[in-house]
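Engineer: I'd like to ask you about the structure that follows.
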Amino acid sequence: MKRIKSLLPLLALLSLPQVCFAQEANAEGAVDTGTTAWMLISTALVLFMVPGLAMFYGGLVRTKNVLSTMMHSFVAMAVIGVLWVVCGYALTFGDSVLGGFVGWNPNYFMLSGIDDSIVDGIPEYIVAMFQGKFAIITPALISGALAERVFFRGYVFFIALWFLFVYCPLCHWIWSADGWLLNAGAAGVIDLAGGLVIHVSAGTSALVVALFLGKRHGNPRDLINPNNLVMTMMGAGFLWVGWFGFNAGSTVQSGLDTARALTMTQISGAAGALAWTVIEAIKFRKVTSLGFVSGILSGLVVITPAAAVVQPMGAILLGAASSCVCFLALKMKDKLGYDDTLDCFGIHGVGSGLGVVLLAFLLRPSWLAEAAANTESGVWTAMDQFGIQMLGMAATIALSGVATYLICVLVSKTTGFRVDKQTEITGLDKTLHGEHGYGLANSE
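The numbering of the sequence shown is the numbering used here, which starts it at 8 and goes up by one.
Shown next as structure tokens:
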């Protein structure tokens with residue numbers, strides 16, 4: 008035993024070159040296994056949100072349309088999953104072309120040039136797959152506005168076009184290194200995980216689609232009840248868990264900003280749920296499960312752009328404010344009479360848009376100081392950043408709104424978009440898929 012102890016100093020000395028070599032290799036761009044592991048988990052968490060969304064939406068529609076509604080989320084995993092590999096990554100993160108409208112990099116076509124690429128200690132395959140999960144869930148969100156009344160083939164054609172002409176350009180503007188909105192002002196538009204790229208774009212497009220298609224037959228005359236609120240609550244829980252990968256993973260690191268984003272996500276989601284609970288308790292003298300999960304989503308969408316730049320008090324304020332504003336937005340939907348079936352615009356568009364705007368006034372002082380250091384004057388205020396945020400909001404709404412309308416027209420005149428009255432009355436599960444969600448052939 009004494010002999011072994013006497014050898015320990017020698018063994019430690021022999022290990023020093025190996026330690027130094029490992030540090031040198033990491034400095035030169037070797038794989039950072041810790042960050043890589045976290046990004047692998049984050050990628051899985053974001054993909055996990057897609058079945059969560061399918062459950063959330065599927066439980067809210069009528070029994071005769073539960074499968075068709077869930078298929079809208081699942082089919083995006085296939086359609087967008089392939090398009091992203093073929094050309095989406097190249098269009099989004101390639102060098103600016105067409106005056107900066109979109110990007111292109113032939114090495115990203117079919118991901119052909121990234122087989123050996125390491126980016127900031129992470130294999131680029133993982134970066135591409137992580138970003139690809141955002142591309143999948145964004146058009147799936149829009150399906151909440153057109154549920155129960157569209158052809159499956161029309162929906163597939165719609166999301167493919169929307170991905171190419173709305174999502175890819177927006178993502179390039181805001182997240183690509185040479186995107187014009189990322190380089191606007193002192194530090195670019197702030198959109199950590201897709202307040203603009205995902206939620207405002209999807210919400211705006213959802214409103215356009217809902218107006219284009221018109222109301223479902225019988226709405227609002229007939230009572231249209233959710234078929235399974237238990238499934239909706241489970242879906243909301245899955246979404247909350249997945250949102251940690253959504254926001255914290257978007258820091259593309261495993262460090263301080265990651266911890267900040269994860270913490271603010273939890274705080275805002277909880278504040279949103281609590282605020283909606285209080286609103287219902289005061290207004291209706293009862294708290295509904297649907298209201299509770301709506302509060303969860305309101306809190307999560309509002310913090311999505313802001314999670315890395317605000318502090319806990321800001322996260323609480325954003326979550327509570329989002330629930331109040333989204334609650335009013337859903338009430339306005341009833342008064343205005345448009346049929347956004349599952350409230351994509353009222354929650355995702357309105358809630359996240361609120362976060363994009365209000366975050367400018369809740370920025371942590373250190374972020375403002377770093378932004379000011381990038382200016383010639385050395386000054387950058389909340390109002391300055393507010394202007395950049397509004398620019399991003401205007402660009403997102405304009406592109407999403409105009410392009411979505413044109414896509415709707417094209418889909419309607421080619422594959423067909425809205426089903427006929429009899430098909431809608433019978434139910435899309437039976438007429439389009441030949442199935443029944445619960446094995447109840449005559450269930451409505």
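Built from N, CA and C at the ideal position, the CB exists for glycine as well.
1) Give me the Cα-Cα distance between E35 and I125, rounded to the nearest whole angstrom.
2) Kindly indicate which residue of F251, V294, G201, V237 has the alpha-carbon position closest to the one of I274.
3) What does the Cβ neighbour count give for K71, buried or exposed, with the cut at 16 atoms within 10 Å?
4) Per DSSP, what are the beta-bridge partners of W111 in this structure?
5) Please give the ranges of any alpha helix (DSSP H) in the region 250-296, keeping only runs that are unbroken, at least 4 residues long and fully inside the region.
6) Can you tell me whether V386 is helix, strand or coil according to DSSP?
7) Helix, strand or coil: how does DSSP classify V317 here?
8) For G221, tell me which candidate among P130, A152, L67, I144 has the shortest Cα-Cα distance.
9) Using only CA atoms, which one of A278, A277, A191, N254 lies nearest to R267?
10) Do I149 and S49 have their beta-carbon atoms positioned less than 8 Å apart in this structure?
11) Quick check: T403 and V207, are their CB atoms within less than 8 Å of each other?
12) When the distance is taken between beta carbons, is L203 closer than 8 Å to V363?
13) Please give me, in chain order, every unbroken run of the alpha helix (DSSP H) with length at least 4 that falls completely inside the region 115-148.
14) Please work out which residues of its chain come closer than 6 Å, Cβ to Cβ, to T422, disregarding the five sequence neighbours upstream and downstream, and give them in chain order.
15) Checking the sheet assignment: what are the DSSP bridge partners for L370?
16) Compare the beta carbon distance of L297 and T239 with 8 Å and say whether it is the shorter of the two.
17) Which residue comes first and which comes last in the alpha helix (DSSP H) that contains F159?
18) When you compare only the Cα positions, how much space is there between L236 and A194?
19) How about L324 and L369: are their beta carbons less than 8 Å apart?
20) With Q396 and I197 assumed to form a contact (beta carbons below 8 Å), what rounded beta-carbon distance in angstroms separates them?
21) Quick one, are the C-beta atoms of S183 and G110 less than 8 Å apart?
22) Nearest by alpha-carbon distance to G326: which of K340, M136, A277 is it?
23) CB L406 to CB L177, shorter than 8 Å?
Structural biologist: Considering the structure as presented:
1) Counting from one through the sequence shown, the residue named residue 35 turns up at place 28. Counting from one through the sequence shown, the residue named residue 125 turns up at place 118. A caution first: E35 carries a pLDDT of 46, below 50, which makes its placement in the model too unreliable to give a value.
2) By 1-based counting over the sequence shown, the position of residue 274 is 267. Here the closest residue by C-alpha is F251.
3) Residue mapping note: residue 71 aligns to position 64 of the sequence shown, counting from 1. K71 sits buried, since 16 or more C-beta atoms from the chains shown fall within 10 Å of its C-beta.
4) Position 104 of the sequence shown, counting from 1, holds the residue named residue 111. W111 is bridged to D102.
5) List check, alpha helix (DSSP H) in window: 263-291.
6) Counted from its first residue, the sequence shown places residue 386 at position 379. In the structure shown, V386 falls within a coil segment according to DSSP collapsed to helix, strand and coil.
7) Along the sequence shown, read from residue 1 onward, the residue named residue 317 stands at position 310. V317: strand per DSSP, three-state reduction.
8) Numbered from its first residue, the sequence shown carries residue 221 at position 214. Of the candidates P130, A152, L67, I144, the one whose C-alpha sits nearest the C-alpha of G221 is A152.
9) What you label residue 267 is simply residue 260 of the sequence shown in a count that begins at 1. Its Cα nearest to that of R267, the residue N254 stands out among A278, A277, A191, N254.
10) If you number the sequence shown from 1, residue 49 lands on position 42. If you number the sequence shown from 1, residue 149 lands on position 142. In this structure, the beta-carbon distance from S49 to I149 does not fall below 8 Å.
11) On the sequence shown, residue 403 is found 396 positions in, with the first residue counted as 1. On the sequence shown, residue 207 is found 200 positions in, with the first residue counted as 1. Taking 8 Å as the Cβ cut-off, T403 and V207 qualify as a contacting pair.
12) Numbered from its first residue, the sequence shown carries residue 363 at position 356. Numbered from its first residue, the sequence shown carries residue 203 at position 196. Between V363 and L203, the CB-CB gap stays under 8 Å.
13) None, since the region 115-148 contains no complete alpha helix (DSSP H) of that length.
14) Sequence index remark: in the sequence shown, residue 422 carries index 415 (1-based). For T422, where only same-chain residues beyond five positions count, the Cβ hits under 6 Å are R160, G161, F164.
15) Here residue 370 refers to the residue found at position 363 when the sequence shown is read from its first residue. Bridge partners of L370: V317.
16) Within the sequence shown, numbered from 1, the residue matching residue 297 stands at position 290. Within the sequence shown, numbered from 1, the residue matching residue 239 stands at position 232. Contact: yes.
17) One-based indexing of the sequence shown puts residue 159 at position 152. Where F159 is concerned, the enclosing alpha helix (DSSP H) starts and stops at 159-169.
18) Locating residue 236 in the sequence shown gives position 229, counting from the first residue. Locating residue 194 in the sequence shown gives position 187, counting from the first residue. One Cα belongs to L236, the other to A194, and the distance between them is close to 43 Å.
19) Residue numbering aside, residue 324 sits at position 317 when the sequence shown is read from its first letter. Residue numbering aside, residue 369 sits at position 362 when the sequence shown is read from its first letter. One thing to note: L324 has its Cβ within 8 Å of the Cβ of L369.
20) The count along the sequence shown starts at 1 and reaches residue 396 at position 389. The count along the sequence shown starts at 1 and reaches residue 197 at position 190. Their Cβ separation, rounded to whole angstroms, is 7 Å, which keeps Q396 and I197 in contact under 8 Å.
21) Locating residue 183 in the sequence shown gives position 176, where the first residue counts as 1. Locating residue 110 in the sequence shown gives position 103, where the first residue counts as 1. Taking 8 Å as the Cβ cut-off, S183 and G110 qualify as a contacting pair.
22) As a first step, residue 326 must be located in the sequence shown, where it is residue number 319. The candidate whose alpha carbon is nearest that of G326 is A277.
23) By one-based count along the sequence shown, residue 406 stands at place 399. By one-based count along the sequence shown, residue 177 stands at place 170. Cβ distance < 8 Å, so L406 and L177 count as in contact.
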